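Asks: Numbering (the numbering used here), first residue to last: -5 to 310. Sharing a structure below in structure tokens format, with a few things to ask.
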């Protein structure tokens, strides 16, 4: 049985012994893993629907709706591809991978809450407020980036398939490689939308100021544009702007927030610390003045003896 770590009276400052911290971490990890396992088992019954959801846009764009024999007889030069699975154990392994991925994603509210519950007791009130803002802002941003990746996948697949040489060469897309590509693009696009949140976090911790971020606007626009051009292999400039445009807007929103926060920080520092914060200590050394002479203590009667052994008196 997992023993609760916080049945005792809580410390008002959120302090706990190391053993209680480790026990609390163990309990939180066990609950998070249990949630992932349960959701993974449920997702295993629907893994066909999950695979169809991930691959249907690509099949609609470049899928071969006819057999290769029928395509060879046709005079069309349009390239297409067919999704395949290689190996006897590949379907079972693929089902496990897809189910586990769906379990981790679908159970994310639970294990994120467990992570938050472990960290929250050691935070101040304003730190908890910022943490709530990060969670409720970061999740929609990541989902927005993943949505853009999902919508750009058909165009990306069509551009890549068009590189196939003309003739009798046909495309076979292994399903595991295709799912890895889809997952990679969703993660990359989702993390790219987290850039403004990272800048805001650095500003709140005092690492970056709003003026410093604003001075980088030319380099940031160029870097975001290059990233969008590499992440979207389509030759259509609209696809690149569709990815770069939202990141530009989010970047300048982060700069505006940082400028306002810097001004608010200066006003807060002038007003003094909050009720649950300790005031900053002035550790500047001060001059203690000249040293005062101190008279030596009088010797004890036993120490006045002139009898010494090896240079020391009897008392010593």
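We put the beta carbon where it would ideally sit given N, CA and C, even for glycine. Note that this is a predicted model, so its numbers are computed, not measured.
Do residue 89 and residue 170 have their C-beta atoms closer together than 8 Å?
Replies: As a first step, residue 89 is located in the chain shown; it is residue number 95 there, counting from the start. As a first step, residue 170 is located in the chain shown; it is residue number 176 there, counting from the start. No.
Asks: Going by DSSP, which residues form a beta bridge with residue 165?
Replies: Sequence index remark: in the chain shown, residue 165 carries index 171 (1-based). DSSP lists 75 as partners of residue 165.
Asks: If you follow the alpha helix (DSSP H) that residue 284 is part of, which residue opens it and which one closes it?
Replies: Here the question's residue 284 lines up with position 290 in the chain shown. Run containing residue 284: none; DSSP gives neither H nor E here.
Asks: In the DSSP output, which residue or residues are listed as bridge partners for residue 132?
Replies: As a position in the chain shown, residue 132 is number 138, starting the count at 1. Paired residue(s): none; residue 132 is not in a bridge.
Asks: Could you compute how far the alpha carbon of residue 191 sits from the alpha carbon of residue 132?
Replies: As a position in the chain shown, residue 191 is number 197, starting the count at 1. As a position in the chain shown, residue 132 is number 138, starting the count at 1. About 7 Å.
Asks: For residue 57, which of helix, strand or coil comes out of DSSP?
Replies: Translated into positions along the chain shown, residue 57 becomes position 63. In the structure shown, residue 57 sits in a strand (DSSP, three-state: E or B).
Asks: Taking only the alpha-carbon atoms, compute the straight-line gap between residue 145 and residue 265 and give it to the nearest angstrom.
Replies: Indexing the chain shown from 1 puts residue 145 at position 151. Indexing the chain shown from 1 puts residue 265 at position 271. Computed Cα separation, rounded: 49 Å.
Asks: Taking the alpha carbon of residue 97 as the point to measure from, which residue in 263, 28, 199, 244 has its own alpha carbon closest?
Replies: By 1-based counting over the chain shown, the position of residue 97 is 103. Of the candidates 263, 28, 199, 244, the one whose C-alpha sits nearest the C-alpha of residue 97 is 28.
Asks: Look at residue 166 and residue 78 and say whether their C-beta atoms are less than 8 Å apart.
Replies: Locating residue 166 in the chain shown gives position 172, counting from the first residue. Locating residue 78 in the chain shown gives position 84, counting from the first residue. The answer is yes: Cβ separation under 8 Å.
Asks: With a cut-off of 8 Å, do at least 3 Cβ pairs link the stretch 29 to 49 to the stretch 170 to 179?
Replies: At 8 Å Cβ cutoff, the stretches touch.
Asks: Counting along the chain, where does the alpha helix (DSSP H) carrying residue 102 start and finish?
Replies: Stepping through the chain shown from its first residue, residue 102 is reached at position 108. Element bounds for residue 102: 102 to 113.
Asks: Do you know whose CA, among 154, 152, 80, lies nearest residue 168's CA?
Replies: As a working note, residue 168 is residue 174 in the chain shown. Checked all of 154, 152, 80; the closest Cα to residue 168 is 80.
Asks: Less than 8 Å between the C-beta atoms of residue 93 and residue 37, yes or no?
Replies: Translated into the one-based positions of the chain shown, residue 93 becomes position 99. Translated into the one-based positions of the chain shown, residue 37 becomes position 43. For residue 93 and residue 37, yes; Cβs fall inside 8 Å.
Asks: Check for me: the alpha helix (DSSP H) holding residue 199 runs from which residue to which?
Replies: Mapped onto the chain shown, residue 199 falls at position 205. No alpha helix (DSSP H) contains residue 199, which DSSP labels as neither H nor E.
Asks: Are the beta-carbon atoms of residue 105 and residue 35 separated by less than 8 Å?
Replies: In the chain shown, counting from the first residue as 1, residue 105 sits at position 111. In the chain shown, counting from the first residue as 1, residue 35 sits at position 41. No, the pair does not count as a contact, with Cβ atoms beyond the cut-off.
Asks: According to DSSP, is residue 49 helix, strand or coil?
Replies: Locating residue 49 in the chain shown gives position 55, where the first residue counts as 1. Of the three classes helix, strand and coil, the one that applies to residue 49 here is helix, per DSSP.
Asks: Considering Cα atoms alone, identify which of 41, 257, 236 is closest to residue 141.
Replies: To locate residue 141, count along the chain shown from 1; it is residue 147. Taking only the C-alpha atoms, the option nearest residue 141 is 236.
Asks: Looking only at its chain, what residues have a beta carbon closer than 8 Å to the beta carbon of residue 114, apart from the 5 residues adjacent to it on each side?
Replies: As a working mapping, residue 114 is identified with position 120 in the chain shown. So the list reads 122, 125, once near-sequence residues are dropped.
Asks: Just the Cα atoms here: how many angstroms apart are residue 151 and residue 200?
Replies: Counted from its first residue, the chain shown places residue 151 at position 157. Counted from its first residue, the chain shown places residue 200 at position 206. So the alpha carbons of these two residues sit roughly 43 Å apart.
Asks: Tell me whether residue 158 sits in a helix, a strand or coil according to DSSP, three-state version.
Replies: Mapped onto the chain shown, residue 158 falls at position 164. Three-state result, residue 158: coil.
Asks: Could you tell me which of 252, 196, 187 sits nearest to residue 221, measuring between CA atoms?
Replies: Here residue 221 corresponds to residue number 227 of the chain shown, with the count starting at 1. Selected option, being the one with the closest Cα: 187.
Asks: Taking the C-alpha atoms as reference points, what is the distance between residue 218 and residue 179?
Replies: Here residue 218 refers to the residue found at position 224 of the chain shown. Here residue 179 refers to the residue found at position 185 of the chain shown. C-alpha separation (whole angstroms): 16 Å.
Asks: How would you write the range of the alpha helix (DSSP H) that residue 81 sits in, first residue to last?
Replies: Here residue 81 refers to the residue found at position 87 when the chain shown is read from its first residue. Per DSSP, residue 81 belongs to no alpha helix (DSSP H) and is neither H nor E.
Asks: Which whole-angstrom value is the C-beta distance of residue 56 and residue 74, which I expect to be below 8 Å?
Replies: The residue you call residue 56 lines up with position 62 of the chain shown. The residue you call residue 74 lines up with position 80 of the chain shown. Indeed, because the Cβ distance is near 5 Å, the residues count as touching under 8 Å.
Asks: Under a three-way DSSP split, which group does residue 210 fall into?
Replies: Counting from one through the chain shown, the residue named residue 210 turns up at place 216. Residue 210: coil per DSSP, three-state reduction.
Asks: To the nearest angstrom, report how far apart residue 253 and residue 11 are at their CA atoms.
Replies: Translated into positions along the chain shown, residue 253 becomes position 259. Translated into positions along the chain shown, residue 11 becomes position 17. If you take the alpha carbons of residue 253 and residue 11, they lie about 40 Å apart.
Asks: Would you mind sorting residue 26 into buried or exposed? The rule is 16 or more other CB atoms within 10 Å of its CB.
Replies: The count along the chain shown starts at 1 and reaches residue 26 at position 32. Residue 26 comes out buried.
Asks: Excluding the 5 residues preceding and the 5 following residue 143 in the sequence, name in chain order all residues of the same chain whose CB lies nearer than 6 Å to its CB.
Replies: Position 149 of the chain shown, counting from 1, holds the residue named residue 143. The answer, listed in chain order, is 179, 180, 183.
Asks: What are the boundary residues of the alpha helix (DSSP H) that includes residue 362?
Replies: This structure leaves residue 362 out entirely; the chain is present only between -5 and 310.
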